[in-house]
Each structure stands twice: as structure tokens, then as C-alpha cells.
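>
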Amino acid sequence: MPEIINPFSKKAKQIVKKAPPIHELPEEVFKLAIAKVLWKKDEKRPPLGILQKEGRADVLSYHLLFLSAGLNFSGYSNEVRLVKDALYEITKGRLSEAYKAEGENFRWRFEDKFRAEEVPGNGFQKPGYRVPWKSLLPLIESRELRLGDWDVSGGYVYSNRVQARKDRRLDLQRDLIEIYSRLVACEAADFMSGLFGSEQASSDVSSYLKPIVDVLREVSEESYKAAFASGKSQKFAPENFPPCIQGVLRGVSSGSRNYAISVLLTSFLSYARAAPEKVDNPRLVDFIKDPAVLSDEIMPLIYRAAEMCNPPLFEDQPLEKMNVSYHLGLGLTEDVKLENSGASKWYFPPNCEKVRREAPGLCKPDALCERIKNPLNYYFIKMKDADEGK
Ligand code: SF4
Numbered sequence: 003m004p005e006i007i008n009p010f011s012k013k014a015k016q017i018v019k020k021a022p023p024i025h026e027l028p029e030e031v032f033k034l035a036i037a038k039v040l041w042k043k044d045e046k047r048p049p050l051g052i053l054q055k056e057g058r059a060d061v062l063s064y065h066l067l068f069l070s071a072g073l074n075f076s077g078y079s080n081e082v083r084l085v086k087d088a089l090y091e092i093t094k095g096r097l098s099e100a101y102k103a104e105g106e107n108f109r110w111r112f113e114d115k116f117r118a119e120e121v122p123g124n125g126f127q128k129p130g131y132r133v134p135w136k137s138l139l140p141l142i143e144s145r146e147l148r149l150g151d152w153d154v155s156g157g158y159v160y161s162n163r164v165q166a167r168k169d170r171r172l173d174l175q176r177d178l179i180e181i182y183s184r185l186v187a188c189e190a191a192d193f194m195s196g197l198f199g200s201e202q203a204s205s206d207v208s209s210y211l212k213p214i215v216d217v218l219r220e221v222s223e224e225s226y227k228a229a230f231a232s233g234k235s236q237k238f239a240p241e242n243f244p245p246c247i248q249g250v251l252r253g254v255s256s257g258s259r260n261y262a263i264s265v266l267l268t269s270f271l272s273y274a275r276a277a278p279e280k281v282d283n284p285r286l287v288d289f290i291k292d293p294a295v296l297s298d299e300i301m302p303l304i305y306r307a308a309e310m311c312n313p314p315l316f317e318d319q320p321l322e323k324m325n326v327s328y329h330l331g332l333g334l335t336e337d338v339k340l341e342n343s344g345a346s347k348w349y350f351p352p353n354c355e356k357v358r359r360e361a362p363g364l365c366k367p368d369a370l371c372e373r374i375k376n377p378l379n380y381y382f383i384k385m386k387d388a389d390e391g392k
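Using the working numbering, the final residue of the sequence shown is 392, and nothing's skipped along the way.
Below, the structure is given as C-alpha cells:
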């Protein structure tokens, strides 16, 4: 088993920090990144074989996968899900192989923050294990783990599920392997979600990542056919909008009206409805084919929110309608038509940091906000959870 299992451990982060620029990385690293995706695609789950690579190449190949998915696809995309699932399966496979080989001698020995300790039994309690509850937070927040299945006391989560099983030790290790693999995958998903929309994707980096991006696109389309068929682009589910957008829809006072409606809401709604991939110079018409989506779904929400402002935005400043059109990439016009796409830049929703800077009163963060950097990520994560029935 490779020494570094978690691509977010301290050692792994140092490897990434010291790595040369992407175009100087050896070809082997790119090949390994692609091999990981292809391994995940193979439903027979062949032996890990070449994926049991040591250290640097392994960590950097994960890093390339995170960049390829995170910079190019939203947190809601099948491509991000594919990388998350591949990491989960590979981590679990590696730990399971080590456990099989080492049997009773297998010990939890990783240098990252996940520290599981065995707890001896006593007259009242059977033996089990405990984990600092904070290290499980990502799984609790993403609802992959239910706190109700555990006993919590003194900052630790104690396992109680193992009590009923005969072969306690075997199950104990398997539980830990499952939890640990999910934790690592969750961290990766959060990391990738935070990348989408960031400024890191220079065209240079994009061109080097293209072979990996192409494989991700192809494999995710095949692997998640059902999800793909239901369409990435979906009707709005306003209950999943982040607090700032919900606030804008309820109306904003004169100080931040223009920013709230023409910049934040317009870009958010258009990207949320179109769910586009990150491409250079995107145009609304490339992602939305039906003009009714613009005229009957996006624009009414913008007009209603403008009406709710105090005083109503477009009554007060009719020319501001042109600014909305401009931010949709339709040019400086009141004629909001899909065929005008490309007449100006289609603005990506501002990051949370920028919202807080430009209009501090709009940002009323909740727990999920701590995990995201852009209001759009908030929406995509909530939509994904809703799709998965969490
Ligand atoms: S943290 Fe971001 S998503 Fe959450 S309310 Fe603030 S701006 Fe909106």
C-alpha cells in the first residue's frame, strides 16, 4: 500500500506545493491520472495493480484530476462526481488490500487528522473504537453519515454499531476503512467545488489538462448515463438557493439594489439554470436552446426581484434593464433575446468574498456557506443532495 493514502494529508500537500508547473510534470503523472479514471470505469474492479504507485506520482496524479474536474465542471457535475467516486474506490481498495494482507496486524497508522482509537470493553460496554467527532464533520454535513448511529461523548464519537456483530475486529476495521475512504472523497469534492469559477484556469493550464478533461467527460457520460439523461440543466428549485440569493428575491434597499439585481442575481440565475461547463467565452445560447427558458423562467425572477426592491429598481432606473442584458452576455440592449448571445461577456456569479465586499448586507451565511466559495456551488451542492435523496 502506498505510504500516502490521503491526497490532502500534510505530506501530500507539501508534494503539491513543491511540484513544478503542470507543463513540466512527467508524462507518467498524466497517464496515472487517466488510469485512475479508467479503473473506476471498469465495473469488474480489476486489481489495483499499477495504481499502487508510491508517493509523488500518485499524489500529483490526483492533483491533476482535481484541477481538471474542479476548474472545468461545476460541483454538481458528473465529472466531479466521477473523480470523487474514483478516489473513494481507490482509497477503499488500497486499505482493504492492506487489511487483507496484514490481517490482525493491520493498524490505523495515518498521519492525517483522522485518528481512530480502539476502546477496550468493560463490564458495561463492549469493545469498540472512537473518533474525534470533528474529524467526521464533512460526512455529517454532507449527510453521508448519521450521527444517530453513534454515541457521542466528550468530543468523541463512539461506535456502537459493532456491538451486535460476532467478528468484532473484522467489522471494526471495515467500518473504519469505509468511513476513512468517504472522508477523503468528501474533502476532494469540496476542494473541486471551490475551484469552479476561480481565476486559476489560465488557458495554458487548460491546454495541458485537456486530455484528462476529455477522458472525464467521456467516462462520466458513460458511467452516469441515467443521471446525464435527466439533464444537468434543470428547472429552478428556489428552496435550494443560497441565503444571499433568497434575500435578493425578497427585495433589496437602494444601497445595494443595482449590484444585487444586475450583477449577482442575473449571473446566478443564468448559470444556475444553464449549468454550463467552464469554457472560454461561454455564451448563453450554447447552453440554453429554448428561448422560453430565458423569457419565462429567468427574466420573470429578475423582474420580480427588481419590483420588490425599495424603491422598485426598474421603475426608478429603467435603463438598468440594459445592464441586466449586458451581464447575460446579450449586449447593452433592452431586447433580451437568446440570439444576441455573445454581444457582451456572460458574467460568472461573483465569489462570496466579492459579494461580502461589494454588498456586505446581502451575505447571511448558513452552515453550508462555510464549505463553498461561490453562491453557485451552494446551489449545485444542494441540488445534488436533493437528487440523491439526502
Ligand atoms: S457565503 Fe456566499 S453563498 Fe452564502 S450567503 Fe454569503 S455570499 Fe451567499
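C-beta atoms are modelled at their ideal positions from N, C-alpha and C, and glycine is treated no differently.
Report the CB separation of Leu-66 from Phe-116 in whole angstroms; it is logged as a contact under 8 Å.
Not really, about 24 Å apart at Cβ, beyond 8 Å.
> Helix, strand or coil, according to DSSP, for Val-159 in the structure here?
Val-159: strand per DSSP, three-state reduction.
> Can you list, in chain order, the stretches of the alpha helix (DSSP H) that have 4 or more residues and sit fully within the region 206–284?
Fully enclosed alpha helix (DSSP H) runs of 4 or longer: 227–231, 245–251, 268–276.
> For Ser-346, which option in Asp-153, Asn-325, Gln-236, Gly-57 has the closest C-alpha, if you only look at C-alpha atoms?
Nearest of Asp-153, Asn-325, Gln-236, Gly-57 to Ser-346, Cα basis: Asn-325.
> Just to confirm before moving on: does the CB-CB distance between Cys-2 and Leu-266 stay below 9 Å?
In the structure as shown, the chain starts at 3 and stops at 392, and residue 2 therefore has no counterpart that could be examined.
> So the beta strand (DSSP E) Val-121 belongs to, where does it begin and stop?
Segment 119–121, the beta strand (DSSP E) holding Val-121.
> Kindly indicate which three-state DSSP category Tyr-349 falls into: helix, strand or coil?
In this structure, Tyr-349 counts as coil in the three-state DSSP scheme.
> Can you tell me which residues fall inside 5 Å of the ligand SF4, judged by beta-carbon distance to its nearest heavy atom, and keep chain order?
Result (chain order): Pro-244, Pro-245, Cys-246, Cys-354, Val-357, Cys-365, Pro-367, Cys-371, Pro-377, Tyr-380.
> Using the three-state DSSP reduction, which class does Asp-387 fall into: helix, strand or coil?
In the structure shown, Asp-387 sits in a helix (DSSP, three-state: H, G or I).
> Which value, in whole angstroms, describes the spacing of the CA atoms of Val-159 and Glu-143?
Val-159 and Glu-143: Cα-Cα distance of roughly 15 Å.
> For Glu-410, which residues in the same chain have their Cβ closer than 7 Å to its Cβ, ignoring the five residues on either side in sequence?
Residue numbering for the chain in the displayed model covers 3 to 392; residue 410 lies beyond these limits and cannot be assessed.
> Determine the direct distance from the alpha carbon of Pro-320 to that of Asn-8, and round the result to whole angstroms.
So the alpha carbons of these two residues sit roughly 54 Å apart.
> Measuring only the C-alpha atoms, how far is Arg-83 from Phe-68?
Their Cα atoms are separated by approximately 11 Å.
> Taking the alpha helix (DSSP H) that Lys-102 falls in, what are its first and last residues?
Its alpha helix (DSSP H) spans residues 80–104.
> Starting from Phe-68, follow the alpha helix (DSSP H) in both directions and report where the run begins and ends.
Note, Phe-68: alpha helix (DSSP H), 57–74.
> Spatial neighbours of Glu-360 within its chain, please: CB distance less than 6 Å, with the 5 preceding and 5 following residues excluded, ordered by chain position.
Cβ within range, chain order: Tyr-261.
> Return the Cβ separation of Ser-327 and Glu-336 in integer angstroms, given the expectation that the two are a contact with Cβ distance under 8 Å.
Yes, Ser-327 and Glu-336 are in contact; Cβ-Cβ is about 7 Å, under 8 Å.
> Check whether the Cβ atoms of Ser-70 and Val-215 sit closer than 9 Å, and answer yes or no.
Cβ distance < 9 Å, so Ser-70 and Val-215 count as in contact.
> Span of the alpha helix (DSSP H) holding Lys-336?
The sequence as given places Glu at residue 336; Lys does not occur at that position. Per DSSP, Glu-336 belongs to no alpha helix (DSSP H) and is neither H nor E.
> Over the uninterrupted alpha helix (DSSP H) stretch that includes Ser-327, give me the two end residues.
322–329 is the extent of the alpha helix (DSSP H) around Ser-327.
> Can you give me the Cβ contacts of Ser-63 inside the same chain, cut-off strictly under 7 Å, excluding the 5 residues immediately before and after it?
Excluding residues within five positions, the ones whose Cβ falls inside 7 Å are Val-31, Leu-34, Ala-35, Lys-38.
> Distance, Cα to Cα, Arg-373 vs Tyr-380?
In a straight line, the C-alpha of Arg-373 is about 8 Å away from that of Tyr-380.
> Using a Cβ-Cβ cutoff of less than 7 Å, which residues in the same chain neighbour Glu-189 once the five nearest sequence positions on both sides are dropped?
For Glu-189, where only same-chain residues beyond five positions count, the Cβ hits under 7 Å are Phe-10, Pro-140.
> Please report the distance separating the alpha-carbon of Met-194 from that of Lys-375.
Whole-angstrom Cα-Cα distance: 11 Å.
> May I ask which residues mark the beginning and end of the alpha helix (DSSP H) holding Ala-35?
Ala-35 -> alpha helix (DSSP H) spans 29–43.
> Whose CA, out of Val-154, Glu-309, Gly-123, lies closest to the CA of Ser-137?
Checking every option, the nearest Cα to that of Ser-137 belongs to Val-154.
> Please list, in chain order, all residues of the same chain as Lys-13 whose beta carbon is under 6 Å from its beta carbon, the five residues on each side excluded.
Excluding sequence neighbours, Lys-13 sits near Ile-6.
> At which residues does the alpha helix (DSSP H) containing Asp-288 begin and terminate?
Unbroken alpha helix (DSSP H) run through Asp-288: 286–289.
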